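> Numbering (numbering that gives the first Met the number 0), first residue to last: 0 to 857. Dropping the structure in here first, questions after.
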Amino acid sequence: MAEPTSSEQIVYLHGDLDLQIIEARYLPNMDIVSERLRRCFTACDTVNCTGSRSDNPDAGHGAEDRKKLHHRKIITSDSYVSVVVPQATVARTRVIKNSQNPLWKESFSIPLAHPAAKLEFQVKDNDLFGAELIGTASIPAVEIAAGNEISGWYEIIGPTGKPPKPDCAIKVKLKFTPFEINPVYRHGIAGDPERKGVPKTYFPMRKGSHVRLYQDAHVPEGMLPQIELDGRKVYKPENCWEDICYAISEAHHMIYVVGWSVFHKVRLVREPSRKLPRGGELTLGELLKYKSEEGVRVLLLVWDDKTSHDKFFFKSAGMMQTHDEETRKFFKHSSVTCVLAPRYGSSKLSIMKQQVVGTLFTHHQKCVIVDTQASGNNRKITTFLGGLDLCDGRYDTPEHRLFRDLDTVFKEDFHQPTFPAGTKAPRQPWHDLHCRIDGPAAYDVLINFEQRWRRATQWREFGLRKKVSHWHDDALIKIDRISWILSPKMSHSKDVTIVPEDDPALWVQREDDPEDWHVQIFRSIDSGSLKGFPKDVIQAQSKNLICSKDLVIDKSIQKAYINAIRSAQHFIYIENQYFLGSSYAWPDYKNAGADNLIPMELALKIASKIRANERFAVYIVLPMWPEGDPKTGAMQEILYWQSQTMQMMYGVVARELRALQLQDLHPQDFLNFYCLGNREKLSEETSNNNGATISDAYKYQRFMIYVHAKGMIVDDEYVIVGSANINQRSMAGTKDTEIAMGAYQPHHSWSEKKRHPCGQIYGYRMSLWAEHLGKSDPCFKEAESLECVRNVNGIAEENWRRYTSPDFTELQGHLLRYPLQVDGDGNVRPRPGYENFPDVGGKVIGAHSATLPDQLTT
Numbered sequence: 000m001a002e003p004t005s006s007e008q009i010v011y012l013h014g015d016l017d018l019q020i021i022e023a024r025y026l027p028n029m030d031i032v033s034e035r036l037r038r039c040f041t042a043c044d045t046v047n048c049t050g051s052r053s054d055n056p057d058a059g060h061g062a063e064d065r066k067k068l069h070h071r072k073i074i075t076s077d078s079y080v081s082v083v084v085p086q087a088t089v090a091r092t093r094v095i096k097n098s099q100n101p102l103w104k105e106s107f108s109i110p111l112a113h114p115a116a117k118l119e120f121q122v123k124d125n126d127l128f129g130a131e132l133i134g135t136a137s138i139p140a141v142e143i144a145a146g147n148e149i150s151g152w153y154e155i156i157g158p159t160g161k162p163p164k165p166d167c168a169i170k171v172k173l174k175f176t177p178f179e180i181n182p183v184y185r186h187g188i189a190g191d192p193e194r195k196g197v198p199k200t201y202f203p204m205r206k207g208s209h210v211r212l213y214q215d216a217h218v219p220e221g222m223l224p225q226i227e228l229d230g231r232k233v234y235k236p237e238n239c240w241e242d243i244c245y246a247i248s249e250a251h252h253m254i255y256v257v258g259w260s261v262f263h264k265v266r267l268v269r270e271p272s273r274k275l276p277r278g279g280e281l282t283l284g285e286l287l288k289y290k291s292e293e294g295v296r297v298l299l300l301v302w303d304d305k306t307s308h309d310k311f312f313f314k315s316a317g318m319m320q321t322h323d324e325e326t327r328k329f330f331k332h333s334s335v336t337c338v339l340a341p342r343y344g345s346s347k348l349s350i351m352k353q354q355v356v357g358t359l360f361t362h363h364q365k366c367v368i369v370d371t372q373a374s375g376n377n378r379k380i381t382t383f384l385g386g387l388d389l390c391d392g393r394y395d396t397p398e399h400r401l402f403r404d405l406d407t408v409f410k411e412d413f414h415q416p417t418f419p420a421g422t423k424a425p426r427q428p429w430h431d432l433h434c435r436i437d438g439p440a441a442y443d444v445l446i447n448f449e450q451r452w453r454r455a456t457q458w459r460e461f462g463l464r465k466k467v468s469h470w471h472d473d474a475l476i477k478i479d480r481i482s483w484i485l486s487p488k489m490s491h492s493k494d495v496t497i498v499p500e501d502d503p504a505l506w507v508q509r510e511d512d513p514e515d516w517h518v519q520i521f522r523s524i525d526s527g528s529l530k531g532f533p534k535d536v537i538q539a540q541s542k543n544l545i546c547s548k549d550l551v552i553d554k555s556i557q558k559a560y561i562n563a564i565r566s567a568q569h570f571i572y573i574e575n576q577y578f579l580g581s582s583y584a585w586p587d588y589k590n591a592g593a594d595n596l597i598p599m600e601l602a603l604k605i606a607s608k609i610r611a612n613e614r615f616a617v618y619i620v621l622p623m624w625p626e627g628d629p630k631t632g633a634m635q636e637i638l639y640w641q642s643q644t645m646q647m648m649y650g651v652v653a654r655e656l657r658a659l660q661l662q663d664l665h666p667q668d669f670l671n672f673y674c675l676g677n678r679e680k681l682s683e684e685t686s687n688n689n690g691a692t693i694s695d696a697y698k699y700q701r702f703m704i705y706v707h708a709k710g711m712i713v714d715d716e717y718v719i720v721g722s723a724n725i726n727q728r729s730m731a732g733t734k735d736t737e738i739a740m741g742a743y744q745p746h747h748s749w750s751e752k753k754r755h756p757c758g759q760i761y762g763y764r765m766s767l768w769a770e771h772l773g774k775s776d777p778c779f780k781e782a783e784s785l786e787c788v789r790n791v792n793g794i795a796e797e798n799w800r801r802y803t804s805p806d807f808t809e810l811q812g813h814l815l816r817y818p819l820q821v822d823g824d825g826n827v828r829p830r831p832g833y834e835n836f837p838d839v840g841g842k843v844i845g846a847h848s849a850t851l852p853d854q855l856t857t
């Protein structure tokens with residue numbers, strides 16, 4: 000995007016842009032050279048003129064203008080439009096082939112949170128060798144921010160500074176609605192009187208559901224304090240892997256497992272809180288085989304890491320150590336169907352982009368889908384989803400042991416990727432969030448599985464050729480044909496999935512039940528990873544999907560986060576494995592392409608509350624460093640992106656405080672980052688070295704707790720849990736595939752209670768805080784209050800002092816201040832004396848890599 004001139008005013012476009020890109024006229028012929036190359040491959044060109052008009056833009060658009068022309072013809076431009084604000088592309092049209100007067104008529108609803116001088120429409124030619132800029136039209140941001148409808152023809156200026164042809168122009172229509180006056184964000188999502196959840200998404204809000212929220216894989220009885228809820232109830236932490244084991248054991252018809260990693264040797268139940276189910280003592284792989292031998296349909300859909308191999312005499316565990324080849328081999332001659340699904344790019348992409356997608360990105364969803372007991376003799380669909388893969392290193396409890404029970408609970412499951420093999424070190428503790436869904440939303444998770452399964456089993460690789468696989472759609476259970484399995488009323492289409500309406504027959508809670516939940520499923524996924532999206536642009540947009548060039552995209556996870564943040568009234572609590580985004584506003588590196596809006600939305604939400612003189616707080620819990628050795632180039636670059644994100648956010652908050660002359664307040668009175676750590680005394684038996692290399696982490700009896708969670712709680716009334724990290728890979732929709740749910744209890748919202756709601760989401764947040772802070776304090780209830788913020792920061796600061804002390808000192812809980820220092824102007828620097836991470840090294844603030852592609856680490 001061109002740099003703004005001195006006369007162009009930069010304004011924040013924070014709100015929603017409704018945009019229609021209608022058509023362009025008199026585009027130049029960009030494809031004369033490409034035409035000659037194409038003719039090397041075909042004697043006769045067939046040109047599909049759909050979306051094009053005759054060379055006269057004023058001519059009619061009858062059938063004759065849109066038929067296929069079978070004759071030699073000079074190819075003109077294959078044009079599309081990119082909508083651009085500084086350092087970010089926010090929308091793209093489809094490609095209209097062979098037209099100098101393309102007719103798009105495409106509509107977009109675009110959330111914006113960008114400082115901009117203008118909005119640009121870059122008209123490009125999609126050529127054999129990549130896109131070539133035809134020219135750019137622009138509209139000043141100050142005009143857009145006024146909120147009036149804008150419509151008309153805008154002159155296209157070529158790269159030379161002149162129109163490429165006389166009267167070359169693009170026609171658009173748009174209207175911008177600032178976030179402050181948009182009624183959609185006036186209530187929290189849970190307080191919406193229409194109960195529509197997040198609007199304009201592929202899957203609608205589902206009523207009559209039930210949700211069970213999990214912290215960590217297991218929570219032993221009595222480990223966490225009791226949390227009192229409304230109605231004299233008490234919050235009860237549940238046991239995730241134990242519940243999954245029971246659900247698998249009790250399935251009658253189907254067990255579908257989706258994972259980034261699934262390891263057959265994992266044991267789900269290690270510290271049972273109840274009598275084991277049939278097969279509960281088996282490993283996951285043995286249990287799935289056992290169920291398949293009972294006649295249950297067991298299907299596994301696991302990401303195929305292209306760097307792992309187990310063919311002939313060549314074996315490689317792969318860069319990510321996901322055990323995909325081991326698991327495939329374990330199930331090879333069983334009745335369990337295990338499909339390894341590579342992250343193929345859509346065939347609509349160029350060969351180069353297909354290779355980038357297939358090499359850099361993954362299938363990152365984590366789900367278990369089973370049939371469970373419903374009312375009477377009926378069965379229903381139940382699903383588990385979140386951050387926990389069913390693989391090694393994930394089992395943990397809220398105490399997050401470092402050295403204890405390594406020969407029992409963690410036998411054959413010692414996970415420590417920071418240090419080289421053979422080094423004496425603590426185990427890496429693991430903190431995660433997950434959930435169970437019963438009711439109509441569980442069927443949307445099933446739809447996701449079926450769409451992905453049909454794509455993954457359509458082809459398989461055989462050497463360098465692709466041939467039709469022996470797997471067919473017949474592997475999928477047709478639940479609508481089994482009368483005793485409750486299923487929605489389905490409409491069938493050959494190639495396009497018809498998402499059913501909300502069906503009260505599937506409800507598991509009455510709407511007047513105080514324990515009722517409303518649940519909505521969100522995804523990051525594109526048409527290259529599933530079958531069932533419409534190919535037609537108008538149809539795709541009618542299903543709230545995004546069309547970008549030749550891809551159809553569902554990026555509703557990012558939309559859910561944006562809506563929830565904009566609707567928040569009191570506080571936001573986030574746990575995530577990564578935190579980076581809004582790179583267009585980073586202070587030192589704006590071209591990383593990490594365009595997701597979440598960090599900027601959080602900063603602007605705080606700024607809006609400061610202007611309104613209302614308390615608001617954001618708490619963000621991250622791992623101390625990304626998993627692995629923090630000294631490596633990839634880890635250092637991720638840390639650099641993270642510190643750039645923090646600097647940008649604190650800068651926004653600090654500028655707002657300065658503008659209102661609030662010198663008594665500090666940016667950390669509103670926005671704080673934390674990490675988790677633990678110290679545990681070595682027993683005499685454990686401290687036997689046997690001549691091994693001793694790590695400093697072992698010597699000082701401490702290590703970080705790896706935060707792998709992907710969740711957000713808003714105002715104690717709305718929760719998002721899923722597989723998506725807060726980075727570009729997870730939020731783009733065209734990179735890693737992700738799934739998440741957003742949910743609330745309609746009887747436990749601020750609007751319903753007229754006070755602080757104390758339902759299951761409140762209990763969940765307070766239980767997580769009890770785990771992290773080592774106590775339950777009455778002031779934690781009002782998380783937005785300055786008293787609460789400073790109380791939490793005090794505990795985190797003291798824990799950091801204890802954690803870094805050379806003398807062993809137990810922590811109060813596990814919450815630590817993230818080791819960066821923030822001044823009153825929002826500047827972020829390393830803490831003096833802790834420029835590098837304790838025991839392991841690596842700069843806390845990170846460093847940019849000149850060799851790694853930004854797409855890999857953002």
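Glycine included, each C-beta is placed from N, C-alpha and C at the ideal position. These numbers were taken from a predicted model, which means no experiment stands behind them.
1. Does the distance from the C-beta atom of Y213 to that of E237 stay below 7 Å?
2. Hey, would you say Y639 sits closer than 7 Å to H847, going by beta carbons?
3. Look at the Cβ atom of N377, then the Cβ atom of L485, and state whether they are nearer than 7 Å.
4. Does the Cβ-Cβ distance between F120 and I169 come in under 7 Å?
5. Hey, quick one: how far does the alpha helix (DSSP H) through H517 stretch, first residue to last?
6. Return the bridge partner residues of W483 from the DSSP annotation.
7. Which residues in the same chain as P805 place their Cβ atom closer than 8 Å to its Cβ, once the five residues preceding and following it in sequence are excluded?
8. Flag this pair as touching only if the region 240–249 and the region 379–392 have three or more C-beta atom pairs under 8 Å; answer yes or no.
9. Identify, in the order they occur along the chain, each residue of the same chain with its Cβ nearer than 6 Å to the Cβ of K353, setting aside the five sequence neighbours on each side.
10. What residues are listed by DSSP as bridge partners for T306?
11. Please tell me whether V335 and L300 are closer than 7 Å, where the distance is taken between their beta carbons.
12. Taking the beta strand (DSSP E) that W624 falls in, what are its first and last residues?
13. Using CA atoms only, rank isn't needed, just tell me which of N97, S98, V83 is closest to R91.
14. Is any heavy atom in the ligand ZN found nearer than 6 Å to the beta carbon of I520?
15. Taking its Cβ as the centre, do 16 or more other Cβ atoms sit within 10 Å of R858, making it buried, or is it exposed?
16. Tell me, please, which residues DSSP counts as bridged to A136.
17. State the Cα-Cα distance for the pair F615 and Q568, rounded to the nearest angstrom.
18. Is the beta carbon of I712 closer than 7 Å to that of R764?
19. Here's the rule: buried if 16 or more other CB atoms are within 10 angstroms of the residue's CB, otherwise exposed. What is R211?
20. I'd like the list of long-range same chain contacts for I794, defined as Cβ closer than 8 Å, with 5 residues on each side in sequence excluded.
21. For A168, which three-state DSSP category applies?
22. What is the rounded straight-line gap between the Cα of P533 and the Cα of I497?
23. Can you look up E220 in the DSSP assignment and give me helix, strand or coil?
24. Helix, strand or coil, according to DSSP, for G14 in the structure here?
25. Could you give the C-beta distance for G438 and V369, rounded to a whole number, given that I count them as a contact under 8 Å?
26. Could you check the C-alpha separation between A742 and V518 for me, to the nearest Å?
27. Taking a contact to mean a Cβ-Cβ separation below 7 Å, would you say A602 touches T857 in this structure?
28. Could you please give me the residues that DSSP links to G385 through a beta bridge?
29. Quick one: what's got a C-beta closer than 7 Å to G14's C-beta in the same chain, skipping five residues either side?
30. According to the neighbour-count rule (16 or more other Cβ atoms, all chains shown, within 10 Å of its Cβ), is N612 buried or exposed?
31. State the beta-bridge partners of C546 as determined by DSSP.
32. What is the C-beta distance between I609 and P625, in whole angstroms, given that I count them as a contact (C-beta under 8 Å)?
33. Would you mind sorting V233 into buried or exposed? The rule is 16 or more other CB atoms within 10 Å of its CB.
34. Between which two residues does the beta strand (DSSP E) holding K931 run?
35. Work out the CA separation of G840 and F262 for me, nearest whole Å.
36. Run through the DSSP bridge pairs and tell me what Q372 is partnered with.
Taking the geometry as given:
1. yes
2. yes
3. yes
4. yes
5. Taken as a continuous stretch (DSSP letters only), H517 belongs to no alpha helix (DSSP H), being part of the beta strand (DSSP E) at 516–525.
6. None; W483 has no bridge partner.
7. Excluding sequence neighbours, P805 sits near Y699.
8. yes
9. What sits at residue 353 in the sequence shown is Gln, not Lys. Excluding residues within five positions, the ones whose Cβ falls inside 6 Å are G344.
10. Bridge pairing for T306: absent [DSSP].
11. no
12. No beta strand (DSSP E) contains W624, which DSSP labels as neither H nor E.
13. The shortest C-alpha separation from R91 is found at V83.
14. In the structure on display, the ligand ZN does not appear, and there are no ligands present to speak of.
15. Lying before the first or after the last residue shown, residue 858 is absent from the chain, which here runs from 0 to 857.
16. F120
17. 7 Å
18. yes
19. buried
20. L772, G773, Q811, G812, L814
21. strand
22. 10 Å
23. coil
24. strand
25. That pair is no contact at about 14 Å.
26. 4 Å
27. no
28. H433
29. L111, F175, T176, P177, F178, N181
30. exposed
31. V551
32. 31 Å between Cβ atoms; not a contact.
33. exposed
34. Residue 931 is absent from the structure shown; the chain starts at 0 and stops at 857.
35. 31 Å
36. In the DSSP output, where bridge partners are listed per residue, Q372 has R378.
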